[in-house]
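In this note's numbering, the protein residues as written are 533 to 855.
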């Protein structure tokens, strides 16, 4: 039986046509028509209006995540592919993964994009799309959750990041492995995917700030975003999750106000709680901070959005403990 895949196109670089007689954005149907050969997959196309990738709003990301979930749970699709600009594809992919829930067991959820426009020399878009459609239809992706597919590689949403904005091998999961590759018309899994995240509860809270820290940082830079309405804060620290001592009193106050503060790092770190680190490390936990458990700063922000859907600081701490 031929498998059905929903293709959701959001425009961006993959759809750019600059050099033809009709410059503009290609539709989902146009992108599908540019895919070479017969993939053996029934594809239903859908276009979604979205901001440029570098400015994709949380509301758009949530809309895409919910569309993928609905297509798999309620509409009987075997897989979903979302075309997306590469600037923030890792963020949309991770939010989609966090919200997928039981939909992840029904079929593949694949996000893809391109570095080169549709009509540029050696455009990578058609091949990336072809590989993504094949992967989304493959039962091998059931239970894996959202992945990003470029250059025939499958990357876990939790691990992937954009490492190179100039070449077609733009994404990397290092130090984690890639999950697999698309070859000979199928998805070949080569690594164990990360564990599934805790179930999302309630509506995600989108008003979450992300702040990069530095030595002797003025704490007003943190309190100002809370005064402006932020319901949670992610601090990008250094090392295993160190932040300036000047912020400790403020973090203690925010804990009393039931404002969760998640501490992550500009470095790769292990997925352990701050309070489980050796003596003299993870000191922010003593004033109420919550560790990001190895998540990159941008992904910790989306995790905090989802965690806040279940309640305040205590609920967030419990949710991150199971991440």
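By construction, the Cβ of each residue, glycine as well, lies at the ideal position given by its N, Cα and C atoms.
All of these numbers come straight from a predicted model, not from anything done at the bench.
For the pair residue 580 and residue 596, the CB atoms are nearer than the 8 Å cut-off.
Rounded to whole angstroms, the gap between the alpha carbons of residue 697 and residue 544 is 14 Å.
It is roughly 23 Å from the alpha-carbon of residue 824 to the alpha-carbon of residue 723. Shortest Cα-Cα distance from residue 629 to any of 684, 692 and 585 involves 692. Counting only the Cα atoms, residue 788 lies some 43 Å from residue 702.
The beta carbon of residue 584 sits closer than 7 Å to the beta carbons of 544 and 617 from its chain, once the five residues preceding and following it are set aside; these are given in chain order. If the five residues before and after residue 754 are omitted, its C-beta is found closer than 7 Å to the C-beta atoms of 743, 765, 779 and 782, all from its own chain and listed in chain order.
Within the same chain, Cβ atoms closer than 8 Å to the Cβ of residue 776 are found at 745, 746, 747, 748 and 749, the five residues on either side in sequence being excluded. In this structure the region 631-651 lies against the region 667-680, because at least three pairs of beta carbons, one per stretch, are closer than 8 Å. Sequence-distant partners of residue 642 (beyond 5 residues in either direction) whose C-beta falls short of 6 Å from its own C-beta, in its chain, are 613, 664, 667, 668, 679 and 681. By the Cβ neighbour-count rule, residue 821 is buried, with 16 or more other Cβ atoms within 10 Å of its own. If you draw a straight line from the Cα of residue 582 to the Cα of residue 542, it comes to about 6 Å. The residue among 772, 794, 735 and 687 with its C-alpha nearest the C-alpha of residue 621 is 687.
DSSP, read as helix, strand or coil, puts residue 777 in helix. Bounds of the alpha helix (DSSP H) holding residue 846 are 845-853.
Going by C-alpha positions, residue 627 is about 26 Å away from residue 573.
If you look at residue 579, you'll find it in the beta strand (DSSP E) that goes 573-579. Under the Cβ criterion (8 Å, minimum of three pairs), the region 768-775 counts as touching the region 796-806.
One thing to note: residue 736 has its Cβ within 8 Å of the Cβ of residue 837.
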